[in-house]
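A.B. asks: After the structure tokens below, expect a handful of questions from me.
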Amino acid sequence: MIRLDNATKVYKRGARPALDSVSVEIERGDFVFLVGSSGSGKSTFLKLILREERPTGGDVYVAGRHLNKLSAWRVPHLRREIGAVFQDFRLLPNKTVYQNVAFALQVIGKSRHHIQSTVPEMLELVGLSGKERRMPHELSGGEQQRVAIARAFVNHPPILLCDEPTGNLDPGTSVGIMRLLDRINRTGTTVLMATHDDEIVDQMRKRVIELRGGQLVRDQDRGVYGLERV
Amino acid sequence: MIRLDNATKVYKRGARPALDSVSVEIERGDFVFLVGSSGSGKSTFLKLILREERPTGGDVYVAGRHLNKLSAWRVPHLRREIGAVFQDFRLLPNKTVYQNVAFALQVIGKSRHHIQSTVPEMLELVGLSGKERRMPHELSGGEQQRVAIARAFVNHPPILLCDEPTGNLDPGTSVGIMRLLDRINRTGTTVLMATHDDEIVDQMRKRVIELRGGQLVRDQDRGVYGLERV
Amino acid sequence: MRLRFILGEVVNGLRRNGTMALSVVLVTFVSLMFVGAAALTQMQIDQLKDDWYGKVEISIFLCPENSRNERCAEGAVTPEQEDAIRGVLEDGALAGLVQEVYYESREQAYDKFVANDDEGIWSSLTADQMQPSFRVKLSDPEQYQVVADATEGLPGVDVVRDQREIFSELFRFLNAATVVAAALAAVMLLAAMLLITTTIRLSALSRRKETQIMRMVGSSRSLIQMPFMLEGAVAATGGALLAVAGLFFGVRYLIEDWLRSSVTWVQYIGTQEVWSVAPWLLVIAVGLAAIASLVTLGRYTRA
Amino acid sequence: MRLRFILGEVVNGLRRNGTMALSVVLVTFVSLMFVGAAALTQMQIDQLKDDWYGKVEISIFLCPENSRNERCAEGAVTPEQEDAIRGVLEDGALAGLVQEVYYESREQAYDKFVANDDEGIWSSLTADQMQPSFRVKLSDPEQYQVVADATEGLPGVDVVRDQREIFSELFRFLNAATVVAAALAAVMLLAAMLLITTTIRLSALSRRKETQIMRMVGSSRSLIQMPFMLEGAVAATGGALLAVAGLFFGVRYLIEDWLRSSVTWVQYIGTQEVWSVAPWLLVIAVGLAAIASLVTLGRYTRA
Ligand SMILES: Nc1ncnc2c1ncn2[C@@H]1O[C@H](COP(=O)(O)OP(=O)(O)OP(=O)(O)O)[C@@H](O)[C@H]1O
Ligand SMILES: Nc1ncnc2c1ncn2[C@@H]1O[C@H](COP(=O)(O)OP(=O)(O)OP(=O)(O)O)[C@@H](O)[C@H]1O
Ligand SMILES: [Mg+2]
Ligand SMILES: [Mg+2]
Chain A
85 MIRLDNATKV
95 YKRGARPALD
105 SVSVEIERGD
115 FVFLVGSSGS
125 GKSTFLKLIL
135 REERPTGGDV
145 YVAGRHLNKL
155 SAWRVPHLRR
165 EIGAVFQDFR
175 LLPNKTVYQN
185 VAFALQVIGK
195 SRHHIQSTVP
205 EMLELVGLSG
215 KERRMPHELS
225 GGEQQRVAIA
235 RAFVNHPPIL
245 LCDEPTGNLD
255 PGTSVGIMRL
265 LDRINRTGTT
275 VLMATHDDEI
285 VDQMRKRVIE
295 LRGGQLVRDQ
305 DRGVYGLERV
Chain B
85 MIRLDNATKV
95 YKRGARPALD
105 SVSVEIERGD
115 FVFLVGSSGS
125 GKSTFLKLIL
135 REERPTGGDV
145 YVAGRHLNKL
155 SAWRVPHLRR
165 EIGAVFQDFR
175 LLPNKTVYQN
185 VAFALQVIGK
195 SRHHIQSTVP
205 EMLELVGLSG
215 KERRMPHELS
225 GGEQQRVAIA
235 RAFVNHPPIL
245 LCDEPTGNLD
255 PGTSVGIMRL
265 LDRINRTGTT
275 VLMATHDDEI
285 VDQMRKRVIE
295 LRGGQLVRDQ
305 DRGVYGLERV
Chain C
171 MRLRFILGEV
181 VNGLRRNGTM
191 ALSVVLVTFV
201 SLMFVGAAAL
211 TQMQIDQLKD
221 DWYGKVEISI
231 FLCPENSRNE
241 RCAEGAVTPE
251 QEDAIRGVLE
261 DGALAGLVQE
271 VYYESREQAY
281 DKFVANDDEG
291 IWSSLTADQM
301 QPSFRVKLSD
311 PEQYQVVADA
321 TEGLPGVDVV
331 RDQREIFSEL
341 FRFLNAATVV
351 AAALAAVMLL
361 AAMLLITTTI
371 RLSALSRRKE
381 TQIMRMVGSS
391 RSLIQMPFML
401 EGAVAATGGA
411 LLAVAGLFFG
421 VRYLIEDWLR
431 SSVTWVQYIG
441 TQEVWSVAPW
451 LLVIAVGLAA
461 IASLVTLGRY
471 TRA
Chain D
171 MRLRFILGEV
181 VNGLRRNGTM
191 ALSVVLVTFV
201 SLMFVGAAAL
211 TQMQIDQLKD
221 DWYGKVEISI
231 FLCPENSRNE
241 RCAEGAVTPE
251 QEDAIRGVLE
261 DGALAGLVQE
271 VYYESREQAY
281 DKFVANDDEG
291 IWSSLTADQM
301 QPSFRVKLSD
311 PEQYQVVADA
321 TEGLPGVDVV
331 RDQREIFSEL
341 FRFLNAATVV
351 AAALAAVMLL
361 AAMLLITTTI
371 RLSALSRRKE
381 TQIMRMVGSS
391 RSLIQMPFML
401 EGAVAATGGA
411 LLAVAGLFFG
421 VRYLIEDWLR
431 SSVTWVQYIG
441 TQEVWSVAPW
451 LLVIAVGLAA
461 IASLVTLGRY
471 TRA
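As structure tokens, then:
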């Protein structure tokens with residue numbers, strides 16, 4: 085599903101590489117935690133997969149596409165196969181919950197009929213039925229993140245990327261989000277999640293990929309956050 | 085040092101209050117954790133103290149001033165007695181470490197001489213000697229947060245407010261930041277820190293104030309993050 | 171669905187950057203007014219040239235009696251001299267340049283003069299005191315100097331006059347007006363382009379969140395960029411329409427209503443000339459917006 | 171320290187919003203050009219009025235012999251009639267309005283005429299055919315109609331003419347030009363103000379982080395807002411200076427060099443009039459910037 089072959093990313097000529105010949109393969113249906121301290125390259129890893137950045141070395145394959153050779157006008161097609169969730173939710177503040185989720189379908193040209201049938205279904209999956217008409221600021225952080233996940237997943241992409249989705253949430257709320265991601269993973273979706281949250285990683289016991297200074301230092305099934313705990 | 089008397093904040097008429105008649109007193113030299121789930125009103129609590137927002141009910145006293153009656157042009161004087169640190173660091177990206185810290189002194193009109201003697205001292209306190217000329221993007225997250233703390237504390241304010249200062253940091257780095265805040269607290273500075281990080285709260289064993297839906301539900305010396313753990 | 175979405179975004183963007191959009195409209199308006207005014211002035215000049223140069227004749231005044239002019243020291247023109255002059259004009263070297271030669275006798279000149287003297291100030295003038303003249307119509311009015319040179323020295327010729335001289339000063343003034351209008355138009359067009367660029371940038375900045383989300387969910391680049399381009403185009407077109415309206419009413423009231431009734435001897439341009447300029451102004455407005463979009467969008471809404 | 175800081179921020183802001191600042195400069199430039207042009211046109215009109223109205227006279231042409239005009243059916247004016255007319259002008263009701271009366275005899279009129287007829291076309295004209303006339307200078311040139319009415323019907327008077335009529339059409343044109351320039355100036359000033367507003371807003375947005383930090387560390391409100399206000403003022407002043415330069419060179423080349431040598435019978439304004447307008451343009455520019463700042467800053471950089 086996702087394969088990096090010696091992928092390297094140098095942002096500024098001469099700077100230390102943000103990602104340093106990382107090779108890793110993620111299969112369809114995997115649930116993978118991406119851990120590492122601040123600046124270790126987690127977000128860069130995810131950006132390469134989304135083709136927000138291009139590798140300066142090595143190859144990246146996602147959903148059967150060789151991203152190094154993907155032309156700019158085909159990028160939107162790639163993005164439709166990937167859902168993305170971020171720490172800061174990124175909801176449109178002047179649109180309701182329903183409109184925020186529907187927006188993702190509108191802009192890729194889905195019919196109104198399709199939207200009207202899919203969105204409520206998705207809101208039910210993430211547990212927000214009955215709150216369709218709320219505005220983002222009328223929701224708790226956990227609820228806002230559920231809306232963001234609904235928007236990322238409403239198109240049923242085979243891949244879901246999450247960059248510290250629980251970073252702004254308290255431990256109780258974070259657990260709820262992890263349960264939701266686990267449920268989505270069980271439908272066969274590949275989930276790749278960058279996180280700092282050691283408790284969650286230790287509790288879920290999924291595959292863990294650890295980066296340090298841009299290099300892959302650990303790839304462990306049913307792993308924990310850090311080998312040496314602080 | 086800080087006193088709230090039935091302080092209430094309603095952002096939008098008719099909306100649920102973000103802070104609901106909270107009364108609390110914090111003495112000079114205290115170290116207080118402000119906990120609560122997302123949307124419980126932690127940031128609002130801090131904003132009232134900074135007079136970024138005005139209470140819609142009750143009274144707020146900070147450093148001997150009655151903020152309800154403080155005129156707008158005196159607010160800068162209040163702010164000079166309060167240092168503030170945020171989750172997203174808020175450094176100026178095109179200024180060096182040294183310039184970022186010096187900026188806080190420049191804009192309140194300190195002499196060049198004063199700046200040249202104070203800034204290096206402060207950078208040493210937070211452990212950044214030798215990195216004066218780095219740009220923010222050349223620093224790790226923990227180092228960036230140290231710069232932000234240095235900037236907040238360079239004027240030696242009696243109060244330091246921190247809104248989730250470790251939210252973007254991994255557990256190892258967070259511990260370093262907490263040690264620094266503890267050291268600052270020992271110099272007699274009142275530290276008030278809003279956080280989600282249960283590990284840190286449980287480990288430090290300081291006074292804990294818990295908000296839930298805008299109401300104060302707990303005020304405990306040497307407390308832990310949550311009474312019922314998830 | 172998509173069309174509604176794009177139009178909604180355009181309306182949104184224009185409302186959000188209202189003052190900015192309004193400035194674009196005003197500046198485009200004024201700049202295209204100048205472009206239009208320069209074009210219309212040139213059209214007016216062309217029209218006047220066609221009109222007057224076609225009408226004007228060369229007048230070859232012949233010697234009267236007792237003239238103070240040295241050339242006429244030998245007395246009034248004789249019929250032989252008149253024939254010789256007519257010969258030069260109708261045959262000889264000038265034949266190709268001359269379209270028509272018309273002889274105005276003393277009596278004819280007197281009748282014309284009396285007809286123009288409404289108040290009778292010159293009542294005591296007699297036909298004898300008028301000069302006979304040849305009125306020559308040229309086939310190419312620009313060749314005036316050749317004809318003047320060839321006839322000026324002939325015996326019996328007093329002076330040669332070309333009505334065109336009267337107008338050349340006016341044409342110089344109108345040409346200067348065109349240059350000033352064009353210069354102002356250039357400055358203003360530059361300002362308009364900078365403004366459209368900034369509007370698009372501002373719009374892109376204020377909708378960073380939307381476009382970021384659109385990119386993330388895989389919306390096509392054209393759908394992302396379309397609203398911004400349309401916004402600039404709509405504002406610029408608004409300015410162009412205002413400019414056309416301004417020119418229309420300007421020509422209507424200043425030229426058709428006022429000048430045409432107060433200075434009647436001139437053939438003026440009218441509102442139909444405004445209509446012929448209008449499409450060009452729209453083209454310029456849309457072109458401006460397109461260039462500004464190309465310059466800006468690549469950087470601010472990468473896919 | 172603070173001054174350096176503020177200036178640094180201003181330079182920074184202008185550089186960061188370069189295209190925007192440039193648009194402000196250009197639009198202020200053009201708008202103040204119009205303000206200045208309107209003012210200069212009015213000054214020119216005033217000057218012409220002073221100049222011409224002071225010079226122009228009323229000409230009362232007296233009857234010649236054999237006039238075709240009915241009023242002179244009784245033949246040429248007699249000396250008694252002339253005295254009567256002079257009496258009306260110098261004593262009687264008109265005495266207060268008339269400054270000077272000058273009698274032009276047939277011979278004097280003939281001499282003036284011959285002097286103007288360089289080419290000798292009118293050589294056969296004799297002094298007898300000229301009309302004698304009274305040339306009247308008024309103490310208040312606006313009172314022309316009163317004098318004309320009082321003299322027109324007197325026996326021996328052929329026609330009364332006022333040179334002012336020739337100029338009134340020109341003044342109407344110049345006044346219309348002032349109105350057009352003022353209207354364009356108003357539109358452009360509006361655009362300039364919107365632009366300065368947007369520039370300040372844009373600048374505030376692009377420096378949100380700085381101002382947020384400044385507020386947090388307790389910098390005074392005036393220090394936060396000063397750079398934005400100065401930015402607008404600097405850009406507007408730049409525009410004003412360009413406008414002054416534009417007017418200066420416009421007057422220098424169009425009026426002093428060209429018109430003054432090609433149409434010589436007019437008293438023109440010169441560059442010293444531009445200098446008297448210049449301070450006002452600067453005041454307008456700074457005023458614009460101040461108003462725009464007041465409108466914008468409250469909202470975008472609250473303390
Ligand atoms: N756009 C960019 N331009 C230049 N350098 C960048 C850019 N983005 C990231 N970097 C650098 O690349 C390195 C890795 O950054 P990255 O954001 O991938 O880390 P991360 O693991 O996501 O950290 P965090 O936990 O703080 O989110 C860092 O040193 C960072 O400074
Ligand atoms: N500027 C604002 N306008 C309107 N409502 C607001 C505003 N700021 C906060 N709120 C609302 O006030 C409530 C409390 O918000 P606050 O930011 O204080 O919570 P918090 O405890 O800091 O949450 P978090 O852990 O997510 O930072 C929330 O319901 C929020 O939606
Ligand atoms: Mg990251
Ligand atoms: Mg908060």
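Residue numbers (this note's numbering), protein chains in the order written: chain A, 85 to 314; chain B, 85 to 314; chain C, 171 to 473; chain D, 171 to 473. Cβ atoms here follow ideal geometry from the backbone N, Cα and C, with glycine treated the same way.
Consider the Cβ of A/Met-206: report whether some Cβ of chain C lies at a distance smaller than 8 Å.
C.D. replies: The residue labelled residue 206 of chain A in the question sits at position 122 within the first sequence. Chain C, which has no Cβ nearer than 8 Å to the Cβ of A/Met-206, makes this no.
A.B. asks: Under 8 Å, Cβ to Cβ, is there at least one residue of chain B near A/Ser-121?
C.D. replies: To locate residue 121 of chain A, count along the first sequence from 1; it is residue 37. The Cβ of A/Ser-121 sits closer than 8 Å to at least one Cβ of chain B.
A.B. asks: For A/Ser-201, verify whether its CB is less than 7 Å away from any heavy atom of ligand 4.
C.D. replies: On the first sequence, position 117 is the one that residue 201 of chain A refers to. No, ligand 4 has no heavy atom inside 7 Å of this Cβ.
A.B. asks: In the DSSP assignment, the alpha helix (DSSP H) including C/Tyr-314 goes from what residue to what residue?
C.D. replies: Here residue 314 of chain C corresponds to residue number 144 of the third sequence, with the count starting at 1. Element bounds for C/Tyr-314: 314 to 322.
A.B. asks: May I ask you to check if the CB of A/Lys-126 is nearer than 7 Å to at least one heavy atom of ligand 3?
C.D. replies: Residue mapping note: residue 126 of chain A aligns to position 42 of the first sequence, counting from 1. For ligand 3, at least one heavy atom lies less than 7 Å from the Cβ of A/Lys-126.
A.B. asks: Is the separation between the beta-carbon of C/Phe-304 and that of C/Ile-255 shorter than 8 Å?
C.D. replies: Here residue 304 of chain C corresponds to residue number 134 of the third sequence, with the count starting at 1. Here residue 255 of chain C corresponds to residue number 85 of the third sequence, with the count starting at 1. A contact, by the Cβ cut-off of 8 Å.
A.B. asks: Could you give the DSSP three-state label for B/Gly-167: helix, strand or coil?
C.D. replies: As a working note, residue 167 of chain B is residue 83 in the second sequence. DSSP places B/Gly-167 in strand when its eight states are reduced to three.
A.B. asks: Under 9 Å, CB to CB, which of the residues in the segment 175 to 205 of chain A have a partner in chain C?
C.D. replies: Leu-175, Leu-176, Pro-177, Asn-184, Phe-187, Ala-188, Leu-189, Gln-190, Val-191, Ile-192, Gly-193, Lys-194, Ser-195, Arg-196, Ile-199
A.B. asks: Who are the near neighbours of A/Phe-170 in its chain, counting only those whose CB is closer than 6 Å to its CB and skipping five residues on each side?
C.D. replies: The residue labelled residue 170 of chain A in the question sits at position 86 within the first sequence. The answer, listed in chain order, is Asp-247.
A.B. asks: Check whether the Cβ of B/Asp-247 sits closer than 7 Å to any heavy atom of ligand 4, and report yes or no.
C.D. replies: Position 163 of the second sequence, counted from the first residue, corresponds to residue 247 of chain B. Yes, since a heavy atom of ligand 4 falls inside the 7 Å radius drawn around the Cβ of B/Asp-247.
A.B. asks: Quick check on A/Asn-252 - is its C-beta less than 8 Å from some C-beta in chain B?
C.D. replies: As a first step, residue 252 of chain A is located in the first sequence; it is residue number 168 there, counting from the start. Output row for A/Asn-252: interface = yes.
A.B. asks: Please tell me whether, using a cut-off of 7 Å, the distance from the CB of A/Ala-278 to the nearest non-hydrogen atom of ligand 3 is below it.
C.D. replies: Position 194 of the first sequence holds residue 278 of chain A. Under cutoff, so the answer is yes.
A.B. asks: Looking only at DSSP bridge pairs, what is A/Ala-91 linked to?
C.D. replies: Mapped onto the first sequence, residue 91 of chain A falls at position 7. Note: A/Ala-91 sits in a beta bridge opposite A/Val-106.
A.B. asks: Which stretch, first to last residue, makes up the alpha helix (DSSP H) that contains D/Leu-295?
C.D. replies: One-based indexing of the fourth sequence puts residue 295 of chain D at position 125. In the DSSP assignment, D/Leu-295 falls outside any alpha helix (DSSP H) and carries neither an H nor an E.
A.B. asks: Considering only their Cβ atoms, is the gap separating A/Leu-265 from A/Val-108 smaller than 8 Å?
C.D. replies: Here residue 108 of chain A refers to the residue found at position 24 when the first sequence is read from its first residue. Here residue 265 of chain A refers to the residue found at position 181 when the first sequence is read from its first residue. Against a cut-off of 8 Å, the Cβ pair of A/Leu-265 and A/Val-108 comes out as no contact.
A.B. asks: Would you say D/Phe-175 reaches chain B, if we count a Cβ-Cβ gap shorter than 8 Å as a contact?
C.D. replies: The residue given as residue 175 of chain D occupies position 5 in the fourth sequence. Answer yes: the Cβ-Cβ gap between D/Phe-175 and chain B drops below 8 Å somewhere.
A.B. asks: Check the C-beta distance from B/Lys-179 over to B/Glu-137 and give it rounded, since I have them as a contact under 8 Å.
C.D. replies: Here residue 179 of chain B corresponds to residue number 95 of the second sequence, with the count starting at 1. Here residue 137 of chain B corresponds to residue number 53 of the second sequence, with the count starting at 1. Actually they do not touch by this definition, with Cβ atoms about 28 Å apart.
A.B. asks: Assess contact between the segment 179 to 199 of chain D and the segment 230 to 241 of chain C, defined as three or more Cβ pairs (one per stretch) separated by less than 8 Å. Is contact present?
C.D. replies: no
A.B. asks: Classify A/His-221: buried if its beta carbon has 16 or more other beta carbons within 10 angstroms, exposed otherwise.
C.D. replies: As a first step, residue 221 of chain A is located in the first sequence; it is residue number 137 there, counting from the start. Exposed is the call here.
A.B. asks: Tell me, please, whether the CB atom of C/Ala-473 is closer than 8 Å to any CB atom in chain D?
C.D. replies: Here residue 473 of chain C refers to the residue found at position 303 when the third sequence is read from its first residue. The predicted position of C/Ala-473 is uncertain, since its pLDDT is 44 and thus under 50; no value can be drawn from it.
A.B. asks: What separation, rounded to the nearest whole angstrom, lies between the Cα atoms of A/Gly-272 and A/Gly-167?
C.D. replies: One-based indexing of the first sequence puts residue 272 of chain A at position 188. One-based indexing of the first sequence puts residue 167 of chain A at position 83. Rounded to whole angstroms, A/Gly-272 to A/Gly-167 spans 14 Å at the Cα level.
A.B. asks: Using beta-carbon positions only, say whether C/Met-358 and C/Ser-201 come within less than 8 Å of one another.
C.D. replies: Locating residue 358 of chain C in the third sequence gives position 188, where the first residue counts as 1. Locating residue 201 of chain C in the third sequence gives position 31, where the first residue counts as 1. Yes, they are a contact pair.
A.B. asks: Less than 8 Å between the CB atoms is what I'm expecting for A/Pro-160 and C/Arg-391, so what's the real figure, rounded?
C.D. replies: Locating residue 160 of chain A in the first sequence gives position 76, where the first residue counts as 1. Locating residue 391 of chain C in the third sequence gives position 221, where the first residue counts as 1. Contact between A/Pro-160 and C/Arg-391 holds: CB atoms are separated by about 7 Å, below the 8 Å threshold.
A.B. asks: Which residue's Cα is closest to the Cα of C/Thr-367: C/Leu-451, C/Val-195, C/Phe-283, C/Thr-466?
C.D. replies: Against the third sequence, residue 367 of chain C aligns to sequence position 197. Out of C/Leu-451, C/Val-195, C/Phe-283, C/Thr-466, C/Thr-466 has the C-alpha closest to the C-alpha of C/Thr-367.
A.B. asks: So who's on the other strand from A/Met-277, going by DSSP bridges?
C.D. replies: The residue labelled residue 277 of chain A in the question sits at position 193 within the first sequence. Note: A/Met-277 sits in a beta bridge opposite A/Phe-117, A/Cys-246.
A.B. asks: In angstroms, rounded to a whole number, what distance separates the CA positions of B/Glu-208 and C/Leu-196?
C.D. replies: On the second sequence, residue 208 of chain B is found 124 positions in, with the first residue counted as 1. On the third sequence, residue 196 of chain C is found 26 positions in, with the first residue counted as 1. Spanning the two alpha carbons is a distance of roughly 56 Å.
A.B. asks: Between the C-alpha atoms of B/Val-181 and C/Lys-379, what's the straight-line distance to the nearest angstrom?
C.D. replies: Along the second sequence, one-based indexing puts residue 181 of chain B at 97. Along the third sequence, one-based indexing puts residue 379 of chain C at 209. One C-alpha to the other measures close to 29 Å.
A.B. asks: For chain C, check one thing: does any of its Cβ atoms lie closer than 8 Å to the Cβ of A/Pro-139?
C.D. replies: In the first sequence, the residue the question calls residue 139 of chain A occupies position 55. So, not an interface residue.
A.B. asks: Taking B/Ser-122 as the reference, which of B/Phe-115, B/Gly-113, B/Leu-103 has the closest Cα?
C.D. replies: Indexing the second sequence from 1 puts residue 122 of chain B at position 38. With distances taken between Cα atoms, B/Ser-122 lies closest to B/Leu-103.
A.B. asks: Regarding B/Gly-123 and ligand 2, is the C-beta to nearest heavy atom distance less than 7 Å?
C.D. replies: Position 39 of the second sequence, counted from the start, is the residue given in the question as residue 123 of chain B. Under cutoff, so the answer is yes.
A.B. asks: D/Gly-206 and D/Ala-413 - do their beta-carbons sit closer together than 8 Å?
C.D. replies: Your numbering for residue 413 of chain D matches position 243 in the fourth sequence. Your numbering for residue 206 of chain D matches position 36 in the fourth sequence. It is a contact, given that the beta carbons lie within the stated cut-off.
A.B. asks: Under 7 Å Cβ-Cβ, which residues of chain F neighbour D/Leu-393?
C.D. replies: Note that chain F does not occur in the displayed structure, where the protein chains are A, B, C and D.
A.B. asks: In whole angstroms, what separates the C-alpha of C/Leu-232 from that of D/Thr-441?
C.D. replies: Position 62 of the third sequence, counting from 1, holds the residue named residue 232 of chain C. Position 271 of the fourth sequence, counting from 1, holds the residue named residue 441 of chain D. Rounded to the nearest angstrom, the two C-alpha atoms are 48 Å apart.
A.B. asks: Pairs of beta-carbons, one from the segment 246 to 261 of chain B and one from the segment 273 to 288 of chain B, closer than 8 Å: are there three or more?
C.D. replies: yes
A.B. asks: Is DSSP giving B/Phe-173 helix, strand or coil here?
C.D. replies: Start at 1 with the first residue of the second sequence, and residue 173 of chain B comes out as number 89. B/Phe-173: coil per DSSP, three-state reduction.
A.B. asks: Per DSSP, which residues does A/Ile-86 bridge with? Please list them.
C.D. replies: For the purposes of this step, residue 86 of chain A is identified with residue 2 of the first sequence, where counting begins at 1. The partner list for A/Ile-86 (beta bridge, DSSP) reads A/Ile-110, A/Val-146.
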